[in-house]
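Asks: Here the numbering used here is used: the first residue of the sequence shown is 409, the next is one more, and so on. Glycine is no exception: its CB is placed at the ideal position from the N, C-alpha and C atoms. Bear in mind the structure is a predicted one, so any value in this text is a computation, not a measurement. Structure in structure tokens, see below.
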Amino acid sequence: MQPPVSSPLAPRTVRYAVQSSDVLSHNRVNVAEEKSERVIWYKERTLTDDEIIEHVVDNANSTVLWEIHRPLRGWYIRLRSPRFPRNVFISLVPVPPSSPYHSPGSLKFSCATNVASTSRPKSPPSIPSPSPRLPGASSHSSTDSDVTLTDEPSGQFSPTHTYPPAPTPPRAVVPPPSPGAVHEKLDQLAQPRVAMSQFIFLPHTHGAATPASEGLFSKALRTLKNNTPARANSFTLSALPDGPPPTSGDTHHHHHHHSLAAYGLAPLLTFEDTTPVFSVGSSTGVFEIHVDDIGKLGLDLGFWIAVALAYGEFVGDREGYLAAVAD
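See the structure below:
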């Protein structure tokens with residue numbers, strides 16, 4: 409019995425294991441291939457007089473791809489590439505409470521991405537096929553010999569050149585391209601349109617609340633018996649649609665239990681927090697990335713890893729961030 413073959417139309421995903429270590433000087437976070445555990449990127453922390461700067465580094469060549477900037481006092485999260493001009497960055501900002509996408513701890517950002525061109529014709533232009541030639545029919549082309557005929561008084565025609573003319577070389581018959589080939593060529597030649605796109609991070613909601621009647625001892629005993637991952641810091645990254653957002657009536661009764669399907673949001677990246685409840689000084693998780701959807705946007709995969717690591721740092725200490733915003 410042969411194993412099932414996945415459909416070629418199924419979305420492709422890749423998974424990376426994320427693990428942090430509590431080293432005070434660097435606080436390094438490794439992002440590795442889930443199966444091979446080969447580190448692809450890592451994040452290290454440095455301090456300046458007024459900022460916390462985290463470098464997202466390509467492990468293969470030790471190149472700094474992105475920098476995450478946060479202040480020692482106050483609140484902001486800024487992402488920038490070393491190739492950016494001075495004072496140019498991408499900011500992660502809280503989603504306003506008035507937005508239907510708002511959820512406690514949600515952040516959004518904008519950046520330039522590729523947008524699929526919509527100017528391509530729906531059907532390729534009709535290409536005339538070569539007409540069939542009848543036996544004995546004459547034709548004229550740039551390769552035919554020119555023959556000038558003059559009307560002699562005797563009624564006989566006498567050519568000015570040697571007759572008969574040189575034989576015509578055989579004409580190559582090229583079949584017209586198929587519509588699929590024309591579309592493929594147009595796709596290759598089409599230049600992607602660049603536009604500003606918006607993206608949103610939504611933290612995952614917690615599970616069912618603990619019954620109010622459950623005592624402190626019962627809670628502790630239940631936790632000791634089930635030392636499973638808390639998943640408190642799981643989140644999803646999605647692109648915001650270009651059209652109008654859903655009305656407040658559509659989302660009023662969700663009680664912050666946000667459903668991506670309800671909002672029409674497709675996940676580009678999902679982080680599953682797998683840190684055990686009693687883990688101290690380190691955290692673990694898994695990035696699941698929809699590579700087909702990410703690839704269409706024209707940004708390097710390292711960017712999405714960097715921005716996800718930036719949000720992961722935020723969501724892990726969201727209470728402190730929100731308190732800083734309130735101040």
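Quick check: what's the CA-CA separation for residue 514 versus residue 423?
Replies: Approximately 23 Å, taken between the alpha carbons.
Asks: DSSP three-state call for residue 725: helix, strand or coil?
Replies: It is coil, neither helix nor strand.
Asks: Check the DSSP bridge columns for residue 422 and list the partner residues they point to.
Replies: For residue 422, which the question treats as bridged, DSSP gives the partners 697.
Asks: Terminal residues of the continuous beta strand (DSSP E) containing residue 603?
Replies: Residues 601-611.
Asks: For residue 449, name the three-state secondary structure that DSSP assigns.
Replies: Looking at residue 449 - three-state DSSP - the assignment turns out to be strand.
Asks: Is the segment 578-594 touching the segment 691-703, taking contact as three or more C-beta pairs under 8 Å?
Replies: Touching, no.
Asks: For residue 520, write down the residues that DSSP places opposite it in a beta bridge.
Replies: 604, per the DSSP bridge assignment.
Asks: Measure from the alpha carbon of residue 450 to the alpha carbon of each residue in 468, 456 and 444, then state which is nearest.
Replies: Nearest option by C-alpha distance: 468.
Asks: With residue 647 as the anchor, note down where its beta strand (DSSP E) starts and where it stops.
Replies: Note, residue 647: beta strand (DSSP E), 643-647.
Asks: Answer yes or no: do residue 478 and residue 452 have a C-beta to C-beta separation smaller than 8 Å?
Replies: No. Outside cutoff.
Asks: Determine the direct distance from the alpha carbon of residue 603 to that of residue 520, and round the result to whole angstroms.
Replies: Going by the C-alpha atoms only, they are around 5 Å apart.
Asks: What residue does the beta strand (DSSP E) around residue 492 start on, and which one ends it?
Replies: Looking at the DSSP string, residue 492 is not in any beta strand (DSSP E), and its letter there is neither H nor E.
Asks: Using the DSSP secondary-structure output, state which residues sit across from residue 497 in a beta bridge.
Replies: Answer by DSSP bridge pairing: none, since residue 497 is not bridged.
Asks: Could you say which of 439, 481 and 438 lies nearest to residue 457 if we only look at CA atoms?
Replies: The option with the nearest alpha carbon to residue 457 is 481.
Asks: Within its chain, find whatever has a CB closer than 8 Å to the CB of residue 497; leave out the 5 residues flanking it on each side and keep chain order.
Replies: So the list reads 477, 486, 487 and 488, once near-sequence residues are dropped.
Asks: Nearest by alpha-carbon distance to residue 707: which of 445, 511 and 605 is it?
Replies: Among 445, 511 and 605, the Cα nearest to that of residue 707 belongs to 605.
Asks: In the structure shown, what three-state DSSP assignment does residue 428 receive?
Replies: Residue 428 falls in the strand class under three-state DSSP.
Asks: Please report the Cβ distance between residue 715 and residue 421, rounded to the nearest whole angstrom; I am assuming they are in contact, meaning their Cβ atoms lie under 8 Å.
Replies: The Cβ separation is near 18 Å, so there is no contact.
Asks: Run through the DSSP bridge pairs and tell me what residue 474 is partnered with.
Replies: 464.
Asks: So is residue 475 buried or exposed if we call it buried at 16+ other beta carbons inside 10 Å?
Replies: Buried.
Asks: For residue 516, count neighbouring Cβ atoms within 10 angstroms of its own Cβ and tell me buried if that reaches 16, exposed if not.
Replies: Buried, by the Cβ-count rule.
Asks: Take the Cβ of residue 428 as the centre, count every other Cβ of all protein chains shown within 10 Å, and call the residue buried at 16 or more, exposed below.
Replies: Residue 428 comes out buried.
Asks: Under the rule that 16 or more other beta-carbon atoms within 10 Å means buried, what is residue 471, buried or exposed?
Replies: Exposed: under 16 other Cβ atoms inside 10 Å.
Asks: Helix, strand or coil: how does DSSP classify residue 715 here?
Replies: It is helical.
Asks: Should residue 720 be labelled buried (16 or more other beta-carbon atoms within 10 Å of its own) or exposed?
Replies: Classification of residue 720: buried, given that the 10 Å Cβ count is 16 or more.
Asks: Tell me which same chain residues have a C-beta within less than 7 Å of the C-beta of residue 440, skipping the five on either side of it?
Replies: Same-chain partners within the cutoff: 424, 425, 446, 447 and 448.
Asks: Tell whether a beta-carbon distance below 8 Å holds between residue 455 and residue 718.
Replies: Not a contact, by the Cβ cut-off of 8 Å.
Asks: Closest to residue 725 by C-alpha separation, out of 711, 702 and 611, would be which residue?
Replies: For the residues 711, 702 and 611, the minimum Cα distance to residue 725 belongs to 611.
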